[in-house]
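Quick note, the sequences are listed as chains V and R, same order. Per my numbering, the very first residue in the first sequence carries number 1; after that it's consecutive. Per my numbering, the very first residue in the second sequence carries number 217; after that it's consecutive. Where is the CB? At the ideal position from N, CA and C, for every residue including glycine. Written out below as structure tokens is the structure these notes cover.
There are 2 protein chains.
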Amino acid sequence: MHVIICAGGPEEEVAERDVLLSFDDAVFIGADHGTIYLLDKGIIPTMAVGDFDSLTIEEWQRVEREVKTIERHEPEKDETDTELAIIRALEMKPQKITVTGATGGRLDHYESNLHLVYRLQKEAPNCSIRLMNKTNEVRFILPGTSRLPYDQRYKYMSFFAFGRDVPDVTLKGVAYETHSELVQMGTTRFTSNEVISASATVSFSEGALLMIRSND
Amino acid sequence: MHVIICAGGPEEEVAERDVLLSFDDAVFIGADHGTIYLLDKGIIPTMAVGDFDSLTIEEWQRVEREVKTIERHEPEKDETDTELAIIRALEMKPQKITVTGATGGRLDHYESNLHLVYRLQKEAPNCSIRLMNKTNEVRFILPGTSRLPYDQRYKYMSFFAFGRDVPDVTLKGVAYETHSELVQMGTTRFTSNEVISASATVSFSEGALLMIRSND
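Here it is, written out as structure tokens:
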């Protein structure tokens, strides 16, 4: 199962309808105002989660009318709407979670979502969690060997240390291969690589890499 | 002196003309395509730096005609245009560097700029370096006590650990004060605070905090 969450970031940060509908075995969750973005695209989410504070009365009535399962929270909660939605998604034991509408506008929200995904990805290593907008895909790679399939939507692949330096990083199947190199905090050397085979791999044994795939 | 660098991120990521012209003692540097954004705003930079690969012939002729000092690099250089521009700016020994046009579009470019500023801010602790777009300001706070003046442009102030957990963080003069708290990688607890006095302060003794000020 692949759970797709649409969060309430500015609408231009939401991935295209065709992309959202292209994934197999997909279940949709609307996080707060993201529920409206999904309904506007003709996608009825299985569940809507949030405080729905930012919705007009008309929008709220539409959510009540169209979405079967609604989990409405108090505005004064500890978790963000996106966090609650990812936690609900993880309970469904999916192989993959994609969060869209979570990258732009307020950069504190984007950074907060990065830290949230970092924490939850470590807690649920068997489920791949990623953020996605129209031209970027963002996720964390944990220790081990990870396969990175060629994806025609993204020309570039970049890696950053997150939380600490990451030693012994080996990259294969990309334009600039590395062998046992140190990815340090503050370095920009591991950006704009390109996958040149059917599937690249990245291997390392400790820490976590932030991987960003992007297009112009 | 305050050096303002305009980088080549998408034009909608460049701060407003009025804001750019509101700073005292400002000197402008155009980084690659950012030079055109400045000229389009009627601001003639003191210097233009970059490979200028993305410029049309007409745009390049305009740069040659209007900008006195141009530093043209080979496209196959190790540094990004933004990096070269910040290094030139630091040579002018300013109190402050503001980089605009460096936050959006390709998220790998934004992340790369974050790491770049993190590294250069540690190398030049006496110069405050920040990224700025229309609704966000991003910078790193180093150990010690830093004054954070009230700024009407930004309602929210958020802090994130960058590179490692940051212990003993004390925040004063904000809506949610903290006393000697741990800001951990993966936590989103220190977001959306608000400066409620003329000037807030943040104090800690090791590590670095990523501070993001933002508006809706």
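- The three-state secondary structure of V/D108, taken from DSSP, is helix.
- For the 8 Å CB-CB criterion, R/R322 and V/T135 form a contact.
- A straight line joining the alpha-carbon of R/H218 with that of R/K312 spans about 5 Å.
- Listed along chain R are T319, N352, V354, I428 and S430, each with a C-beta nearer than 7 Å to that of V/L107.
- The Cβ atoms of V/D51 and V/H73 sit closer than 8 Å to each other.
- Nearest CB-CB separation between R/G360 and chain V: not below the 8 Å threshold.
- Chain-ordered, the chain V residues with CB closer than 7 Å to the CB of R/F376 read E111 and H115.
- When the beta-carbon positions are compared, R/L364 and R/V315 stay at least 8 Å from each other.
- Using a Cβ-Cβ cut-off of 9 Å, V/Y176 is close to nothing in chain R; its nearest Cβ partner there is about 12 Å away.
- The distance from the Cβ of R/S374 to that of R/S408 is about 6 Å, consistent with a contact at the 8 Å cut-off.
- Contacts with chain V at 8 Å (Cβ-Cβ) include R/T403.
- R/K338 carries a helical assignment under DSSP once its states are collapsed to helix, strand and coil.
- Burial check for V/T56: the Cβ neighbour count within 10 Å stays below 16, so the residue is exposed.
- Sixteen is the threshold: since fewer than 16 other Cβ atoms of the shown chains lie within 10 Å of the Cβ of V/P125, the residue is exposed.
- A distance of 8 Å or more separates the beta carbons of V/L120 and V/F160.
- Among the residues facing chain V, R/Y372 is included, as its CB has a counterpart in that chain under 8 Å away.
- Within chain R, the C-beta atoms nearer than 9 Å to that of V/R164 come from G379, R380 and M401, in chain order.
- Look at the segment 61-84 of chain V: the residues with a C-beta under 9 Å from a C-beta of chain R are D78, E79, T80 and E83.
- If you draw a straight line from the Cα of R/A247 to the Cα of R/A264, it is about 6 Å long.
- The DSSP-derived three-state label of R/E287 is strand.
- Taking 8 Å as the cut-off, the beta carbon of R/G402 is found closer than this to the beta carbon of V/Y118.
- A Cβ of chain R is located within less than 8 Å of the beta carbon of V/Y118.
- R/D324 and R/S421 have their alpha carbons spaced roughly 30 Å apart.
- By the beta-carbon neighbour count (other beta carbons within 10 angstroms, threshold 16), R/F239 is exposed.
- With its beta carbon less than 8 Å from one in chain R, V/S192 belongs to the interface.
- Around the CB of R/A414, fewer than 16 other CB atoms lie within 10 Å, so the residue is classed as exposed.
- Residues of the same chain with a CB within less than 8 Å of the CB of V/P94, apart from the 5 flanking positions on each side, are M1, H2, V3, V27 and C127 in chain order.
- For R/L387, the three-state secondary structure derived from DSSP is strand.
- When C-alpha distances from R/Y253 are compared across R/V230, R/T404 and R/P383, the shortest belongs to R/V230.
- Non-local beta-carbon contacts of R/L387 in its own chain, meaning distances under 6 Å to residues more than five positions away in sequence, involve E393, T394 and V418 in chain order.
- Rounded to the nearest angstrom, the gap between the Cα atoms of V/V19 and V/R88 is 22 Å.
- Straight-line spacing of the CA atoms in V/T69 and V/T35 works out to 12 Å.
- Counting only the Cα atoms, R/I245 lies some 7 Å from R/A301.
- Residue state for V/E177 is assigned as coil, using DSSP reduced to three classes.
- When only Cα atoms are considered, V/A200 and V/G173 end up about 4 Å apart.
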